[in-house]
DNA sequence: CTATATTGAACAATATAATGGTCAAAATAT
DNA sequence: ATATTTTGACCATTATATTGTTCAATATAG
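Protein chains in written order, with the numbering used here: chain A, 1 to 88; chain B, 101 to 188.
Shown next, in the form of structure tokens:
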């Protein structure tokens with residue numbers, strides 16, 4: 001019923017998003033990697049939808065000014081859960 | 101200017117969200133771990149704000165019916181980027 | 001209350017992400 | 001057109017996430 005999308009597809013989309021923002025800001029993979037103090041390989045793995053750690057992703061999101069937004073959505077989801085009556 | 105929140109704090113909040121949903125659904129860490137075919141240690145690391153992989157997180161979000169929502173927001177963010185004129 | 005289940009913590013072993021490097025293809029610049 | 005930059009791919013090494021386990025503390029159930 002829920003979650004028809006596959007994990008692999010979500011990772012691909014995250015990678016495409018990061019790549020799109022990086023391109024728009026005129027950064028190369030190497031420039032972004034240096035700015036975040038991670039390797040180019042890590043950026044590449046993220047952009048190509050391989051597995052990666054939450055630290056790598058959050059460093060990228062922070063650089064792209066998306067970290068606050070993500071945090072807000074997490075807080076909102078949490079509040080929503082706290083509010084809802086359990087259906088289980 | 102942007103992104104005043106710290107990476108560590110976001111990881112903590114993600115962990116608290118996962119824990120809140122798991123509790124609400126009446127799952128123990130072991131039950132959730134078995135359902136996702138990961139170890140309880142991985143669930144524990146995620147809930148306690150340690151580092152973890154995107155695979156572990158997405159497995160959890162899928163189980164909690166949040167994967168489609170995340171995917172939609174990624175797509176929306178991507179569309180937003182594609183649309184916007186570059187400021188760089 | 002006592003018994004049971006759950007959780008946080010720590011550990012060694014294994015699997016794998018991160019790093020730093022090279023190279024050819026593709027994209028971009030000149 | 002050629003020169004330059006960037007990227008995807010691959011590789012060996014290192015760092016670390018994952019696994020499986022035990023144990024004490026805490027929470028929950030009886």
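In this text, a Cβ means the ideal position worked out from N, Cα and C, and glycines have one as well.
Interface criterion not met: the Cβ of residue 130(B) is under 8 Å from no Cβ in chain A. Residue burial is scored here from C-beta neighbours: residue 52(A) has at least 16 other C-beta atoms within 10 angstroms and is therefore classed as buried. Excluding the 5 residues flanking it on each side, residue 32(A) has same chain C-beta neighbours closer than 8 Å at 22, 43, 60, 63, in chain order. In terms of Cβ geometry, residue 10(A) and residue 46(A) do not form a close pair [threshold 8 Å]. DSSP places residue 12(A) in the uninterrupted alpha helix (DSSP H) bounded by 7-24. At a cut-off of 8 Å between beta-carbon atoms, residue 145(B) makes no contact with chain A. Residue 153(B) is bridged by DSSP to 53(A). Taking a Cβ-Cβ threshold of 7 Å, none of the residues of chain B is close to residue 36(A); the smallest such distance is about 11 Å.
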